[in-house]
Structures are given as C-alpha cells and as structure tokens.
Amino acid sequence: MNTNNDLMNRINRYYGSMSKGQKLLANYIADYYDKAVFLTAAKLGETVGVSESTVVRFAMTLGYKGYPDFQKALEEMVRNKLNSIQRMEVTYGRISQPKILESVLRSDEEKIKETLQNIDDRAFEMAVDTILNADKIYVIGIRSCASLASFLAFYLNLIFNNVVLLNTNNSSEIFEQMIRINSKDVIIGISFPRYSMRTLKALEFANNRNAKVITLTDSVNSPMNLYSSCNLIAKSDMASIVDSLVAPLSVINALIVSLCMKKQDEVASTLEVLENIWDEYQVYERDEIDRVDDSVKLKYPGTKE
C-alpha cells in the first residue's frame, strides 16, 4: 500500500461506522489536509466544532495509538504536496527554538536507524560487486545530491582510476559526457524528493546502452528505480532548503569502506603515493596550524620566570 495514501484509505474504510463528529473530522481532513496538518488536537476540534476527546477517539478509530501517530500519518500524506515553506513548517513548525538542535539531531538519528532496519543487504553487496567489475564508473547527483555525488566520487577516485563525476550544468552536457557508456560500465544515480528529471534521464540513457544502473534513493517507489538493477534505499526528509541526507551519506560511507576492504592493497598503495606527493609539494603544511609545544610555559606580563 502506498504510504502517502494510507491515511485516506483508512478514513474511507472506517467512514461508514464513524459517529457524526468523526465524519465531520474526516470530511475536513479530506478537503483541508494542508491546513489540518498544522493543528493540534484541540485546535482541530475547535475548527471542526467537536471536542478534543472526539479528535483523539477519531485517531484511535483509524487504528493509530493516539493523535501524535495520526498527525505523523497526516504529515507523511501531505509532505510531497506542499510547497517549500509549508514543508518546513510541517517538519519544524511545532519545535521551540531551544529544542531545534536536539530535535534535528534526534530526527537524523531516527532516519539512520530506519535505514539500517530496511536496507537490502543483498542489494548492497550487489552494488559493491557491480562497481568492482565495472570498466568505468559514472556518478551523478543534482542540486543537494550533488554534494553526495562529489563525496562518493572523491573516494572512488582513491580506489579506482576509472571514475567520472558527471558535470550537471545542463542535460546536453550530461549526455555528451556519457556518450561512450556501454554494457561494461556502471552509473550510480543519487536522487531524493523532489526527484531530479536530469538524473532520471541520465539513468534512462545509461540503461538504453545496457550499462549497469545503481540508485541511491528514498523509496522502492522512487522513479529513479525505473531503470536500475540495484536499489539502495535510505531514509531522507526534505524540509524547505534543509535536506536531511544523513542516512544516504552513511550508506555511501558503508559503500566506500566495503570497496576499500575489497581492494586493500591498491588503496594502501595509492595512499602511500599520495602521502609522498603531499610531503614533496608541501600540500598541507601551509594549511595546518602549528602544533603547540606543551613543554614551553607561556609567560604573561607581570609574572616571574
């Protein structure tokens, strides 16, 4: 069942057995879900003209433990239908300023836990094997996902010598960079709501040329999976301009570590060469803060040696 429609399916299923007050609530939510999502149980009852206890019983009639669980289902239903400002209010609007740090970090923690519980281990291993056996590895991510694509490509370059991070300024440039992609290659597409049409077209292009397609996205129902043979699913949450991509980044970290373990000798050799280059060209010395010598005692004005 589509989770976005789950709440309305429940309302339709139980509507015939609802009380008059509960039917008023059901009708209001069907018509004004984008407003109901911001209301407390008391305010929703006041708006519809029923008591707060009727609202709570309504939520429990639908199979939820209470109003908070019902409200989460309502948020899930409307999240992708709202504009950026409304999505931010849905996610953070009820959080007081002093609680923002804790709320955001705990929310990210939950996304990692949910990803760990639901990710397909076989798909993960398939992704590792596919990348290891590819002649060339293409990586693509648009907008906020561009940072994830860049991060992944950076570390893949330390492991392989055949990595292409696709420049995504426009669609034509993407296809020009992929013109030689073939059945021996793999493309890794990263996209979360709102999904990128350019990323989807790149995956379609690769699929049409029989390349392997790996996706990192948020759901088995994601359009990114239309052309993929290997789907890595990570929980995400988009709130206005702040895209929570902590769980996808953790999956990328796991992918990099797994690939490094498979190619330990090559990675060690590459890092050794890099260390020598950094030393020879003094890559880091000017950027590093000089280490403080703890054996030297600081002297302050007016103090004796």
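In short: position in the sequence shown from 1, add 4, done, that's the working numbering.
All C-beta atoms in this analysis are idealised placements derived from N, C-alpha and C, irrespective of residue type, glycine included.
Since we're looking at a predicted model, the values are computed, not measured.
If the five residues before and after cysteine 264 are omitted, its C-beta is found closer than 7 Å to the C-beta atoms of Ile163, Val271, all from its own chain and listed in chain order. For valine 255, DSSP assigns no beta-bridge partner whatsoever. Note on geometry: alpha-carbon atoms of alanine 30 and valine 54 lie some 12 Å from one another.
With at least 16 other beta carbons inside 10 angstroms of its own, isoleucine 194 counts as buried. DSSP places threonine 44 outside both helix and strand once states are collapsed to three, so it counts as coil. Lysine 188 counts as exposed, since fewer than 16 other C-beta atoms from the protein chains shown sit within 10 angstroms of its C-beta.
Inclusion of leucine 109 and leucine 249 in the CB contact set at 8 Å is not warranted, their separation being larger than that value.
Counting other Cβ atoms within 10 Å of its Cβ, valine 277 stays below 16 and is therefore classed as exposed. Here the alpha carbons of isoleucine 178 and alanine 34 stand approximately 42 Å from one another. Put simply, the backbone Cα of phenylalanine 42 is about 10 Å away from that of leucine 78. One Cα belongs to asparagine 186, the other to leucine 156, and the distance between them is close to 21 Å. When the beta-carbon positions are compared, lysine 239 and alanine 251 come within less than 8 Å of each other. Per DSSP, the continuous beta strand (DSSP E) segment holding valine 167 begins and ends at 167-169. In the three-state scheme derived from DSSP, where H, G and I count as helix and E and B as strand, threonine 172 is classed as coil. Assignment of leucine 236 by DSSP, reduced to helix, strand and coil, places it in the strand class. Serine 262 and alanine 215 have their C-alpha atoms some 22 Å from each other. Rounded to whole angstroms, the separation of the alpha carbons of valine 60 and valine 168 is 54 Å.
With contacts defined as CB atoms closer than 8 Å, tyrosine 159 and isoleucine 15 fail to qualify as a contacting pair. Under DSSP, serine 154 takes part in no beta bridge, so it has no partner. Note that the C-beta distance between asparagine 171 and glutamine 181 is below 8 Å. About 6 Å separates the beta carbon of isoleucine 141 from that of valine 190, a gap short enough to meet the 8 Å contact definition.
The beta carbon of alanine 131 sits closer than 7 Å to the beta carbons of Ile218, Cys234, Leu236, Leu259 from its chain, once the five residues preceding and following it are set aside; these are given in chain order. The straight-line gap separating the alpha-carbon atoms of leucine 253 and tyrosine 231 is approximately 22 Å. In terms of CA proximity to methionine 201, Arg147 leads the group Glu80, Thr134, Arg147. Contact between alanine 45 and glutamate 56 holds, since their C-beta atoms are separated by about 5 Å, short of 8 Å. For serine 23, the number of other beta carbons within 10 angstroms of its own is below 16, and it is reported as exposed. Threonine 221 and proline 227 have their C-alpha atoms roughly 9 Å apart.
Between isoleucine 144 and alanine 206, the CB-CB gap stays under 8 Å.
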